[in-house]
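Visitor: Would you mind keeping the following structure in view while I ask a few things?
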Amino acid sequence: MQLSRESTTMEPEAAPMYGNCYAFPRLIGAMDLGLIRLGGAGLGNHLFTWARCLIQARRYGLKRIGATWPQFKREPWMHHELDKRTYHDLFCRAQDEVEPLHRLRLLATKRRVPESQLGKEIPDGSIVVFEGFDGYLQPILAHRDLVRSELIAMVRDKHKGAIQAGFSPDIAIHVRLGDFLNADPVRGNSKLDIGWYAGILKGIREQLGPLQAVIFSDGRDEEIAPLLAMEGVKRVSFGSSIADILAMSQARILITSGSTFSMWSSFLGQMPTVWFPKRLYHPILPDPRRELSTYAEIPRTFVEQCELSLASGNARESA
19 MQLSRESTTM
29 EPEAAPMYGN
39 CYAFPRLIGA
49 MDLGLIRLGG
59 AGLGNHLFTW
69 ARCLIQARRY
79 GLKRIGATWP
89 QFKREPWMHH
99 ELDKRTYHDL
109 FCRAQDEVEP
119 LHRLRLLATK
129 RRVPESQLGK
139 EIPDGSIVVF
149 EGFDGYLQPI
159 LAHRDLVRSE
169 LIAMVRDKHK
179 GAIQAGFSPD
189 IAIHVRLGDF
199 LNADPVRGNS
209 KLDIGWYAGI
219 LKGIREQLGP
229 LQAVIFSDGR
239 DEEIAPLLAM
249 EGVKRVSFGS
259 SIADILAMSQ
269 ARILITSGST
279 FSMWSSFLGQ
289 MPTVWFPKRL
299 YHPILPDPRR
309 ELSTYAEIPR
319 TFVEQCELSL
329 ASGNARESA
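Going by the working numbering, the residue at position 225 of the sequence shown is 243; the numbering climbs one at a time, nothing skipped.
What follows is the structure, given as structure tokens:
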């Protein structure tokens, strides 16, 4: 079902407050051992759970318990992926999250209730557990400023290179390959043909001129060779998954892989964004003219939004 562009977040006139209860984002994994998870999804999927927990903790006055970010998953090692997706050194403890030892005691001893209980009676001292990523970004669209500021605040400084350096490319292209093992373009979690990315870039340049483009990818150079062979295209990386999400969010135009990784960059950056058809699961940007799903055609309405984005970027640079 296609969700509306309006946020479905409903704020009650007076939300009940649970000052003696806690909020915990239980990230996807076969087993959460408190210090590490066995198994797990990609960072984009985890961030949905974290963000929903953040928003509802603020709304209901819940004390926050930090997520178990470190994970071990065998597939990235078996498939020789460049990103092993361990997520062990990406984030610092947020200022309003409980201390690490207290966190372990709470998780070991306190009663847990599902997030669906919010708004109802919850036993004093309980942990409200947030799980899964139903709705993707839809439940948090109205809270973009809060989510962005809190995310950047908890990212370790060594992963903020793009923001600190003022990195702002004309076009960022995200090519997801490492854990996308099939090539069925109508399915999620599947590779897109490199020719699609090249065609979209060519179409944008035909109308906007020879813009510079940077590629972010977990694939190898030989896998993205057709893109690298194009003039004015280079590959970049800032060293980690979260660093690259933040870097892509600084671009003026984004061409996505159809992954939740791309989704987060579009949400954080709010730039004109191109998607392969059926890979945009719900609208992300408030202005529909800035969001394009296409096999090849680049309509003038989208080009105009790209022109505005490029002009605003140039204005910031010259200020």
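The beta carbon of each residue, even a glycine, is placed where N, CA and C say it ideally should be.
Would the beta-carbon of tryptophan 293 fall within 8 Å of that of isoleucine 263?
Guide: Going by C-beta atoms, tryptophan 293 is not nearer than 8 Å to isoleucine 263.
Visitor: Taking only the alpha-carbon atoms, compute the straight-line gap between arginine 318 and serine 311 and give it to the nearest angstrom.
Guide: So the two alpha carbons sit approximately 14 Å from each other.
Visitor: Do you know how far the Cα of alanine 112 is from the Cα of glutamine 156?
Guide: Rounded to the nearest angstrom, the two C-alpha atoms are 24 Å apart.
Visitor: Hey, is isoleucine 263 close to the ligand MG, as in C-beta under 7 Å from one of its heavy atoms?
Guide: Absent from the structure shown: the ligand MG. Ligands present: none.
Visitor: Of all the options Ala265, Asp152, Gly217, which has the alpha carbon lying nearest to the alpha carbon of alanine 190?
Guide: Checking every option, the nearest Cα to that of alanine 190 belongs to Ala265.
Visitor: Can you have a look at serine 330 and say buried or exposed, based on whether 16 or more other CB atoms are within 10 angstroms of its CB?
Guide: So serine 330 counts as exposed.
Visitor: Quick check on leucine 272: buried or exposed, where buried means 16 or more other Cβ atoms within 10 Å of its Cβ?
Guide: Its Cβ being crowded by 16 or more others within 10 Å, leucine 272 is buried.
Visitor: For threonine 291, which beta-bridge partners are listed by DSSP?
Guide: The partner list for threonine 291 (beta bridge, DSSP) reads Leu272, Glu309.
Visitor: Could you check if aspartate 114 is buried or exposed, using at least 16 other CB atoms within 10 Å of its CB as the buried criterion?
Guide: The residue in question, aspartate 114, is exposed, as its Cβ has fewer than 16 Cβ neighbours within 10 Å.
Visitor: Is DSSP giving alanine 190 helix, strand or coil here?
Guide: Alanine 190: strand per DSSP, three-state reduction.
Visitor: Verify whether the separation of the beta carbon atoms of leucine 298 and glutamate 309 is less than 8 Å.
Guide: Yes, Cβ-Cβ distance for leucine 298 and glutamate 309 is below 8 Å.
Visitor: Could you round the C-beta distance between arginine 174 and phenylalanine 109 to whole angstroms and report it? I think they count as a contact, below 8 Å.
Guide: Their Cβ separation, rounded to whole angstroms, is 7 Å, which keeps arginine 174 and phenylalanine 109 in contact under 8 Å.
Visitor: Exposed or buried, glycine 184, counting other C-beta atoms within 10 Å across all chains shown (16 or more means buried)?
Guide: Per the 10 Å Cβ criterion, exposed.
Visitor: In terms of residue numbering, what span does the alpha helix (DSSP H) encompassing phenylalanine 11 cover?
Guide: Past the edges of the chain, shown from 19 to 337, lies residue 11, and the structure says nothing about it.
Visitor: To the nearest angstrom, report how far apart leucine 21 and tyrosine 154 are at their CA atoms.
Guide: The predicted model places leucine 21 with a pLDDT of 46, which falls under 50 and marks its position as unreliable; any figure quoted below should be read in that light. Cα to Cα, the separation comes out at about 11 Å.
Visitor: Starting from alanine 41, trace the beta strand (DSSP E) in both directions and tell me its first and last residue.
Guide: Taken as a continuous stretch (DSSP letters only), the beta strand (DSSP E) holding alanine 41 covers 40-43.
Visitor: Look up aspartate 50 in the DSSP assignment and say whether it is helix, strand or coil.
Guide: Strand.
Visitor: With 16 as the cutoff for other CB atoms within 10 Å, does serine 167 come out buried or exposed?
Guide: Serine 167 is exposed by the Cβ-count criterion.
Visitor: Assuming contact is defined by CB atoms lying nearer than 8 Å, are phenylalanine 148 and alanine 41 in contact in what I supplied?
Guide: In contact: phenylalanine 148 and alanine 41 (Cβ atoms closer than 8 Å).
Visitor: For glycine 213, count neighbouring C-beta atoms within 10 Å of its own C-beta (all shown protein chains included) and say buried if the count is 16 or more, exposed if not.
Guide: Counting Cβ neighbours within 10 Å, glycine 213 comes out exposed, since fewer than 16 surround it.
Visitor: Quick check: proline 187 and alanine 231, are their CB atoms within less than 8 Å of each other?
Guide: Cβ atoms of proline 187 and alanine 231: closer than 8 Å.
Visitor: In this structure, how does DSSP classify leucine 21 when only helix, strand and coil are distinguished?
Guide: Low per-residue confidence applies at leucine 21: pLDDT is 46, beneath 50, and the placement is therefore not dependable, though the value from the model is reported in the following sentence. Three-state DSSP puts leucine 21 in coil, outside helix and strand.
Visitor: So what does proline 132 bridge to, in DSSP terms?
Guide: Proline 132 pairs with Val147.
Visitor: Where do the ends of the alpha helix (DSSP H) carrying arginine 162 lie?
Guide: Note, arginine 162: alpha helix (DSSP H), 162-172.
Visitor: Hey, would you say threonine 274 sits closer than 8 Å to histidine 192, going by beta carbons?
Guide: Contact: yes.
Visitor: Where leucine 303 and alanine 160 are concerned, what is the direct C-alpha to C-alpha distance, given to the nearest angstrom?
Guide: Taking the straight line from one Cα to the other gives about 11 Å.
Visitor: Any idea what DSSP makes of proline 317, helix, strand or coil?
Guide: It is coil, neither helix nor strand.
Visitor: Is the beta carbon of threonine 104 closer than 8 Å to that of proline 88?
Guide: Their beta carbons are under 8 Å apart, which means proline 88 touches threonine 104 by this criterion.
Visitor: What are the residues that DSSP puts in a beta bridge with arginine 253?
Guide: DSSP output for arginine 253 lists Ile233 as bridge partner(s).
Visitor: Let's test the definition: count the other Cβ atoms within 10 Å of the Cβ of glutamate 117 and tell me whether it reaches 16, buried, or not, exposed.
Guide: Classification for glutamate 117: exposed.
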